[in-house]
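Trainee: Structure in C-alpha cells, see below.
Number of protein chains: 2
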Amino acid sequence: MKTANIGLLGFGNVGGGTYKILTDNKKLIENRIGVSPKIVKILQRNRNKKRLVDANPNLLTEDPDDIINNPDIDIVVEMLGGIEPATSFMLQSMKHKKHVVSANKAAIAANYELLMSTAKENNVEFLFEASVAGGIPVLTAMTNALEANNFVEIMGILNGTTNYILTKMTEEGLPYEEVLKDAQAKGFAEADPTADVEGIDAANKLSILMALAFNKYVAPSDIPTTGISKITSEDIKAASEQNKKIKLIGSASVKNGKFDYSVKPVLLDASHPLAGVSNEFNAVYITGDMVGELMFYGKGAGPLPTGSAVCGDILSIMKKYK
Amino acid sequence: MKTANIGLLGFGNVGGGTYKILTDNKKLIENRIGVSPKIVKILQRNRNKKRLVDANPNLLTEDPDDIINNPDIDIVVEMLGGIEPATSFMLQSMKHKKHVVSANKAAIAANYELLMSTAKENNVEFLFEASVAGGIPVLTAMTNALEANNFVEIMGILNGTTNYILTKMTEEGLPYEEVLKDAQAKGFAEADPTADVEGIDAANKLSILMALAFNKYVAPSDIPTTGISKITSEDIKAASEQNKKIKLIGSASVKNGKFDYSVKPVLLDASHPLAGVSNEFNAVYITGDMVGELMFYGKGAGPLPTGSAVCGDILSIMKKYK
Chain A
25 MKTANIGLLG FGNVGGGTYK ILTDNKKLIE NRIGVSPKIV KILQRNRNKK
75 RLVDANPNLL TEDPDDIINN PDIDIVVEML GGIEPATSFM LQSMKHKKHV
125 VSANKAAIAA NYELLMSTAK ENNVEFLFEA SVAGGIPVLT AMTNALEANN
175 FVEIMGILNG TTNYILTKMT EEGLPYEEVL KDAQAKGFAE ADPTADVEGI
225 DAANKLSILM ALAFNKYVAP SDIPTTGISK ITSEDIKAAS EQNKKIKLIG
275 SASVKNGKFD YSVKPVLLDA SHPLAGVSNE FNAVYITGDM VGELMFYGKG
325 AGPLPTGSAV CGDILSIMKK YK
Chain B
25 MKTANIGLLG FGNVGGGTYK ILTDNKKLIE NRIGVSPKIV KILQRNRNKK
75 RLVDANPNLL TEDPDDIINN PDIDIVVEML GGIEPATSFM LQSMKHKKHV
125 VSANKAAIAA NYELLMSTAK ENNVEFLFEA SVAGGIPVLT AMTNALEANN
175 FVEIMGILNG TTNYILTKMT EEGLPYEEVL KDAQAKGFAE ADPTADVEGI
225 DAANKLSILM ALAFNKYVAP SDIPTTGISK ITSEDIKAAS EQNKKIKLIG
275 SASVKNGKFD YSVKPVLLDA SHPLAGVSNE FNAVYITGDM VGELMFYGKG
325 AGPLPTGSAV CGDILSIMKK YK
C-alpha cells in the first residue's frame, strides 16, 4: 500500500484532533482509500502547553523547515492560526511542491488570491474545508456536488460563540455581559472575545465562501461588519414577541452582476431553517440556480469536528496517489 | 478543451432537468471544470409525452443500444426509473467501459452489490448522488469530506410526498385521505401513492445510505417498514399536545457491530433539527464518530434539484479527463 507522508504545522486543538483521527481511524482510512496516512513531523512551538493528545516525541520539532523543506513530506497541514507566519509557511510549502491543507480562516481570507495562484503555479492542491464552519462539509459540496449551479445567495451562522451567546440571551432572558462571562467561564468564548463578538471571525469565513461561490474575492476588512455586543435583552424580547429570532448572519448575494454582502445581526422568522440553529452550532444556507435552497448544519468548532474536515481534505489528496 | 460525451437513458423529469442544466450552465461548467459536456444521444421511449424541455430532435433515439453500445459515449446517465430494464442497461454500459451516473434508487437498492462489483471489475465510475434526497449532496459528503469518520447513526426524512402530507395534517388539522387527495391534485403525490405513503421509497434510499455509511447492504424488502397511511388526525393532535411532531423517519445505527434499522413514523421533539423540516423538503441527519452531528437539508425531488445532483456526478467524472 502506498503511503502519504504528512507534516503538521501546529499541534493545538485542531492539530491534536487531526492527529487523533489519523491515528484512531487509520485502519478505516486505509480500507476506504487504499493509501496509508503517515504523520512524519509535527511543528510544536510550545512544548510546555497542555495537549489534547500526546504525540510520539520523535515526531516533534521546533523548526518549521523540518516540515516545509522536508523532501519526505507530500502534504503540509497548516493549523497555526493567525495570518503570519502561517501564510509564509503555506507559500513556501507550495513552492517546495507540497500539497497544502489549512484550517486557518484568517490567513486564507487575508491572502486568498496569492495562496490560490501560488498553488496553481506549483501544480499542488490547496484545500481548506475546515476554515469555514468547522466540521460541516460546505466548501467541498460547493466545489464538487453543487458545481453545476450558479450560486445566488449564501447566508450563514458562521460563529459558534456568538450563536451560543444569542441563544442563552433568548432562552434565559439574561443580558449580554452576563452571558458572555458565563461563556468565557465554560470555554465557549475567549478571554479577548473581540474577533468573535464583533463579527470579524464571521467576516473571514464569509470572504472565503464568496470567493468559492461567486469567484469574487472581497477582503474581510471590506465586508460591512456589525457584531452582537450592542444587542440588549430588550432587543431579544422584542424579537421574541414578533415570533422572530436575532442571529448573527454572514450573507452574500448576487443579482444582475451586483454583489451585496455583510455580517450583521438579522431578525429571522422563527420558521426560517436558520432560526432553529441553536447554541454553538453553525449552519450555512445556500441557494443555487438549479438546486434551490439547501442548508448544512453541524459543529463549527472543536478539535474533532474541525479535525474531521482537515482529514477529509487530506484523504481527498491521498485518493489521487493510486 | 476536451469534451465529455454523454448519453442520457430517459428523458422524463430528471432527464429534462439534467439536459437543461448541462445546456443553460454549459459555459459555467466549462470555466469551472476545463472540460466541455456534450450530450450526444438521448433515449426517449415515448415521443408523445409532454416534455419539460425540447431537445434537439437529432439527439433522440428509441434504441438503447445507440447509447449503451455507442463507442462515442463515455458517460451513460440512467434516469429511467424502475428496476428493469434500468439495471441491465447500467450493467451493459459498464461492460462497455462507460462510466455510469444514475438517479434510480429502486434499481440501485435492489442490485447494489452487483452494480458496484461490475463497476469495479470494469474500472469505471458509478455515481448516484441523485438517488437519495434529490439535490442534497449527502452521498458525496459521506464518501468524500466525511470519509475519515466511522458513521454511527443516520436518520432521514427521505420522502417529500409523505413529509408534505404530514405537514399539512399538522398545520391544517385535516385527515390523511383529504390531504392525500389535495397532494395528488397538486402533483405532490402520484395517482398510485403506495410506494411513497407505505415507506417503500424511503426504504430504497435507506438501503443505499446504509451501504455507503456502514459498508453493509440490506435489501429494501428486509428493512422493517411502516408507512403513514394509518396516521390519524388524533395521532397528530396528541403529538402536538406533547410539543412533538410525527415524521416518517428512515434510520439506521450500529453499536458494537449490531445494526438497527427501520422506516417508520417517529415522534420527534419539536427541538430536534429534523422536526423543523416541513412540506416537501428532505433532510438527512448523520452522526460520525469524529464530526459529531450534521444535518443536510434541501429539496428531495424535482427536475432541477435532482438534475443538479446528476450533474454534480457527471462533473466529478469530467474532472478526471484533464
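So the sequences go chain by chain: A and B. This note's numbering applies: residue 25 is where the first sequence begins, and numbers increase by one. This note's numbering applies: residue 25 is where the second sequence begins, and numbers increase by one. Positions of the beta carbon are idealized from the N, C-alpha and C atoms, including for glycine.
Report the residues of the region 64-88 of chain A with a CB closer than 7 Å to any CB of chain B, ordered along the chain.
Mentor: Within the region 64-88 of chain A, no residue has a Cβ lying closer than 7 Å to any Cβ of chain B.
Trainee: With respect to the beta strand (DSSP E) encompassing B:ALA28, which residues constitute its N-terminal and C-terminal limits?
Mentor: 26-33
Trainee: Of the residues B:ALA325, B:PRO199, B:ARG56 and B:LEU339, which one's Cα is nearest the Cα of B:ILE252?
Mentor: B:PRO199
Trainee: Thinking C-beta only, is A:GLY223 closer than 9 Å to A:ALA249?
Mentor: In the sequence under discussion, the amino acid at residue 249 of chain A is Thr, which differs from the Ala named in the question. In this structure, A:GLY223 lies closer than 9 Å to A:THR249 by Cβ.
Trainee: Near B:ALA134, which residues of its chain fall below 6 Å by C-beta distance, leaving aside the five closest residues on each side in sequence?
Mentor: ILE107
Trainee: Using a Cβ-Cβ cutoff of 7 Å, what residues of the region 25-49 of chain B are near chain A? List them in chain order.
Mentor: ILE45 and ASN49
Trainee: Taking Cβ to Cβ, would you say A:ASP284 is nearer than 9 Å to A:VAL278?
Mentor: yes
Trainee: Going by C-alpha to C-alpha distance, which of B:SER340, B:SER275 and B:ARG56 sits closest to B:LEU182?
Mentor: B:SER275
Trainee: Taking 8 Å as the limit between beta carbons, can you name the residues of its chain near B:PRO161, skipping five residues before and five after?
Mentor: GLU153, PHE320, ALA333 and GLY336
Trainee: Less than 6 Å between C-beta atoms, sequence neighbours within five positions excluded: which residues of the same chain meet that for B:GLY158?
Mentor: LYS323, GLY324, ALA325, PRO329 and THR330
Trainee: Which partner residues of A:LEU138 appear in the DSSP bridge assignment?
Mentor: Its beta-bridge partners do not exist; DSSP assigns none.
Trainee: Spatial neighbours of A:PRO88 within its chain, please: C-beta separation below 7 Å, excluding the five flanking residues on both sides.
Mentor: LEU33, LEU67 and PHE113
Trainee: Kindly say whether B:ILE283, judged by its beta-carbon, lies nearer than 9 Å to any beta-carbon of chain A.
Mentor: As written in the sequence, residue 283 of chain B is Phe, which differs from the Ile given in the question. Not one chain A Cβ lies under 9 Å of B:PHE283.
Trainee: Distance, Cα to Cα, A:ASP96 vs B:ASN306?
Mentor: 46 Å
Trainee: Three or more beta-carbon pairs under 8 Å between the region 236-243 of chain B and the region 164-175 of chain B, yes or no?
Mentor: Segments in contact, yes.
Trainee: Taking a contact to mean a Cβ-Cβ separation below 9 Å, would you say A:MET118 touches A:GLU145 in this structure?
Mentor: yes
Trainee: Does any C-beta atom of chain A lie closer than 9 Å to the C-beta of B:ASP337?
Mentor: yes
Trainee: Starting from B:MET179, trace the beta strand (DSSP E) both ways and give me its first and last residue.
Mentor: For B:MET179, the uninterrupted beta strand (DSSP E) run begins and ends at 175-181, by DSSP.
Trainee: Based on the DSSP output, what are the partners of A:VAL308 in its beta bridges?
Mentor: For A:VAL308, which the question treats as bridged, DSSP gives the partners A:GLY180 and A:PHE320.
Trainee: Assuming A:ILE270 and A:LEU204 are in contact, meaning their beta carbons sit under 8 Å apart, how far apart are those beta carbons, in whole angstroms?
Mentor: Wrong, their Cβ atoms sit about 15 Å apart, outside the cutoff.
Trainee: Any beta carbon of chain B sitting closer than 9 Å to that of A:ALA207?
Mentor: no
Trainee: Under the assumption that B:GLY300 contacts A:GLY300 (Cβ atoms under 8 Å), give the Cβ distance between them as a whole number of angstroms.
Mentor: 5 Å
Trainee: By alpha-carbon positions, which one of B:ASN93, B:SER245, B:LEU76 and B:VAL64 ends up nearest to B:ASN82?
Mentor: B:VAL64
Trainee: Tell me A:ILE273's beta-bridge partners as DSSP assigns them.
Mentor: A:LYS288
Trainee: Which of the three DSSP states, helix, strand or coil, is assigned to A:VAL100?
Mentor: strand
Trainee: Since A:PRO327 is in the alpha helix (DSSP H), which residue starts that stretch and which ends it?
Mentor: Here the alpha helix (DSSP H) through A:PRO327 covers 327-342.
Trainee: Return the Cβ separation of B:GLY40 and B:ARG75 in integer angstroms, given the expectation that the two are a contact with Cβ distance under 8 Å.
Mentor: 6 Å
Trainee: Compare the C-beta of A:LYS323 with all C-beta atoms of chain B and state if any pair is closer than 9 Å.
Mentor: yes
Trainee: What I want to know is whether the C-beta of B:VAL59 ends up closer than 8 Å to one or more non-hydrogen atoms of the ligand SAH.
Mentor: Annotation note on the ligand SAH: not contained in the displayed structure, which lists no ligands.
Trainee: Within the region 227-261 of chain A, note down every full alpha helix (DSSP H) run reaching 4 residues or more, in order along the chain.
Mentor: none
Trainee: Mind listing which residues of the region 281-305 of chain B have their C-beta closer than 7 Å to chain A's C-betas, in chain order?
Mentor: PRO297 and GLY300
Trainee: Are the beta-carbon atoms belonging to B:ILE247 and B:SER286 less than 9 Å from one another?
Mentor: Closer than 9 Å, so yes.
Trainee: Should B:LYS26 be labelled buried (16 or more other beta-carbon atoms within 10 Å of its own) or exposed?
Mentor: Classification for B:LYS26: exposed.
Trainee: Beta-carbon within less than 8 Å of B:ASN267's beta-carbon, same chain only, minus the 5 sequence neighbours each way: which residues are those?
Mentor: ASP293 and ALA294
Trainee: Would you say A:PRO244 lies against chain B (beta-carbon separation less than 9 Å)?
Mentor: no
Trainee: Identify the residues that DSSP records as bridge partners of A:THR85: which are they?
Mentor: A:LEU67
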